[in-house]
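Heads up, the thing below is written out as structure tokens.
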Amino acid sequence: MIMHAGEILKRRGLLSDEQLAQSRSSDATSVVQAAITLGYVDEREALKALAEEVGLEYVDLRERDIDLSALEGFPQKLIYRQSLFPIGYEDDSIVVATSDPLDLYPLDEASAATGKNIIPVVAERAEIARLMNRHLGVGSETVEDLMAAKADDEGVELLEKIETDGSELSEMAQEASVVRLVNEILLEAIQSRASDVHIESQSGGLVIRYRIDGILHPQPTPPEINRFQAAIVSRLKIMARLNIAEKRLPQDGRIKLRVHGREVDIRMSVIPMIHGEGIVMRILDKSSMVFDLQGLGMSREIYERFSKIIEFPHGIVLVTGPTGSGKTTTLYSSLLQIQSPETKIITTEDPVEYQLDGINQIQVHSKIGLTFAHSLRSILRHDPDIVLVGEIRDLETAENAIQASLTGHLVFSTLHTNDASGAFTRMSDMGVEPFLVAGTVEAVMAQRLIRRLCKHCRESYTPSKLDAPSDFPWDDLGDRQVFRSVGCRECRGVGYTGRMGIYELLVANDDIRQLALDRKSSWEIRKESVKAGMRTLRMDAWDKVVAGSTSVDEVLRVTKGEAL
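The sequence shown begins at 1 in my numbering and counts up by one.
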């Protein structure tokens, strides 16, 4: 039967003799799946050809109305084991989606189990899996296995050996089915491009949410998962080498995984809450990260100016913004752009998120006294040319960074401020003398991340002047139209795919340094910066709208209007 499927695709011109032979020699379970994986044929085209061959209908499940009542009485083991999903009724028959139109045995089994006639339709395996997760919940397959004490391998490999204390809770967390359930939650998050996983203990039970492109998306979970809440939390704590017996204090840890050949680091934080422990995991997918300053979304003008600044021989360059705004990516990209064999670069970070070749990185350990300030003092004895301090959090770190810049080093660091002009007042508020701030800070880059419109479904329209914000750039728009989000199969119905940066680059000139020296407000510094040519975050975001990269709604979500 598998051979027949390959021959069908070959006869219809979708596979050559050579491609068919290579697909047959693959380790995949079917020739068709091998051909799809190898990139020889598009899954949709292959399934359409097979469906037509056997006289079945091909359906796009994203455009099909799903009657969930068909799930009642349908055996879940067939949904999970055979990738079947009942999508509705036709008279007294159940319409069932399958991704293998040539395998009739599971359909016969479904008919026998339900006592009804089965009408098969053909759909993509990924779309069937999406329906499973959406309507049955993340981890629902594994919950069924937990109830039956059955386990399977999910292809998630821990890169560090874990240790257990032999307690009953520890043993429960190490059961194969619990391991599989946790692996499935992590795997689904990674495949969804989530940056964070939130596992929250609430009065109604366990809630799982994924942060994708900056927005939290609740994940449906089966009610039965609440019975295994303690085991899930304990398993994650064991993976992160945390104390599973400690449930009163916050704990931080790190998990190193290999998922389908990709190395993934996960930073985990556990905090005790009213209804149990809450977990947040930051996913750092090494294989998906590209540190390219030019590709971060900067306008040509900002990129060219910033590229010159990061080549200064000394001074302080600050990147500001809230947590998760891409500051680390900007700093890493800057270091890699100016890196050379003639230049020694040392960083001190908490934590070291990505390891960079050719750059010396120090992991801060506050518990043993290795703080930013302490490590920075030691760094200067190693004759660096460029220093990166993960964050300026206190007066001591700020003073050490300034001393480093005054002794001929270029210092990069981050601050938590809302805009670029606030960096000067923030450092002064820490206790740094204003003349030192004014004399050493060369530039401040404020940034945010804004979602990109999906290129496959974005929709052009002409905005109304009555509905548009008062600062909408009508003059820049001209005769062009703007775009808004719609949602399609490519973007999972969200309307956006990926993110890019919006930037506000403040370059210190004599007037700005004088305002900083005189302890003037950040508003006055901002006003002078705009007068000197600085484009604000809001302005840069409007440029992205005019270019068709993002929507008006995104600009309003991420930035605020300001009167200057």
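Every residue gets a Cβ at the ideal spot worked out from N, C-alpha and C, and that includes glycine.
Rounded to the nearest angstrom, the Cβ distance from Thr559 to Ala446 is 11 Å, too far for a contact under 8 Å. Using a Cβ distance threshold of 8 Å, Arg448 and Ser325 count as a contacting pair. Apart from the 5 residues on each side of it in sequence, Gly253 sits with its Cβ closer than 7 Å to the Cβ of Ala240, Arg241, Leu242, Met268 in its chain, given in chain order. With a 10 Å radius around the Cβ and a threshold of 16 neighbouring Cβ atoms, Trp474 comes out exposed. The way I'd put it, the region 459 to 469 doesn't touch the region 523 to 533; fewer than three beta-carbon pairs between them come closer than 8 Å. Looking at the DSSP output, Gln76 shares a beta bridge with no other residue. By the beta-carbon neighbour count (other beta carbons within 10 angstroms, threshold 16), Arg134 is exposed. In this structure, DSSP gives Asn226 a helical state, which the three-state scheme calls helix. Burial check for Leu537: the Cβ neighbour count within 10 Å reaches 16 or more, so the residue is buried. Counting every other CB atom within 10 Å of its CB across the protein chains shown gives Val178 a total of 16 or more, marking it as buried.
Put simply, the region 289 to 306 does not touch the region 426 to 435. Fewer than three CB pairs are less than 8 Å apart. In this structure, the beta-carbon distance from His409 to His275 does not fall below 8 Å.
In the structure shown, the three-state DSSP call for Asp540 is helix. Judged by DSSP secondary structure, Lys527 falls within the alpha helix (DSSP H) whose first and last residues are 522 to 531. In this model, Glu57 and Lys48 are separated by some 8 Å (Cα to Cα). In summary, Ala547 is exposed, with fewer than 16 beta-carbon neighbours lying within 10 Å of its beta-carbon over all protein chains present.
Ranking Pro101, Asp92, Lys77, Glu72 by CA distance to the CA of Gly6 puts Pro101 first.
For Leu556, the CB contacts under 7 Å within the same chain, skipping 5 residues up- and downstream, are Pro469 in chain order.
Counting other Cβ atoms within 10 Å of its Cβ, Gln33 reaches 16 or more and is therefore classed as buried. Lys527 and Val437 have their alpha carbons spaced roughly 19 Å apart. DSSP lists no beta-bridge partner residue for Leu293. Under the three-state reduction of DSSP output, Ser464 falls in the coil class, being neither helix nor strand. Cβ contact annotation for Glu53 (same chain, cutoff 7 Å, sequence separation greater than five): Ile8, in chain order. Thr348 sits close to Ser375, with the two beta carbons spaced by under 8 Å. Put simply, of Arg11, Ser378, Leu356, Asp350 the residue whose alpha carbon is nearest the alpha carbon of His365 is Asp350. Listed in chain order, the non-local C-beta contacts of Leu68 below 7 Å within the same chain comprise His135, local neighbours out to five positions each way being set aside.
A straight line joining the alpha-carbon of Ser485 with that of Ala97 spans about 29 Å. When DSSP reads this structure, Ala443 sits in a beta bridge with Val317, Val507. Following the DSSP letters along the chain, one finds Phe483 inside the beta strand (DSSP E) bounded by residues 482 to 484. Between Val182 and Leu236, the CB-CB gap stays under 8 Å. For Gln33, the enclosing alpha helix (DSSP H) begins and ends at 31 to 37.
In this structure, Val387 places its C-beta atom within 8 Å of the C-beta atom of Ala404. Under the three-state reduction of DSSP, Gly278 is assigned to strand. His416 and Val41 have their C-alpha atoms spaced approximately 49 Å apart. Out of Leu453, Leu477, Cys454, Arg458, the CA that lies nearest to the CA of Ser464 is found in Leu477.
Taking C-alpha positions only, Ala194 is separated from Leu515 by approximately 42 Å.
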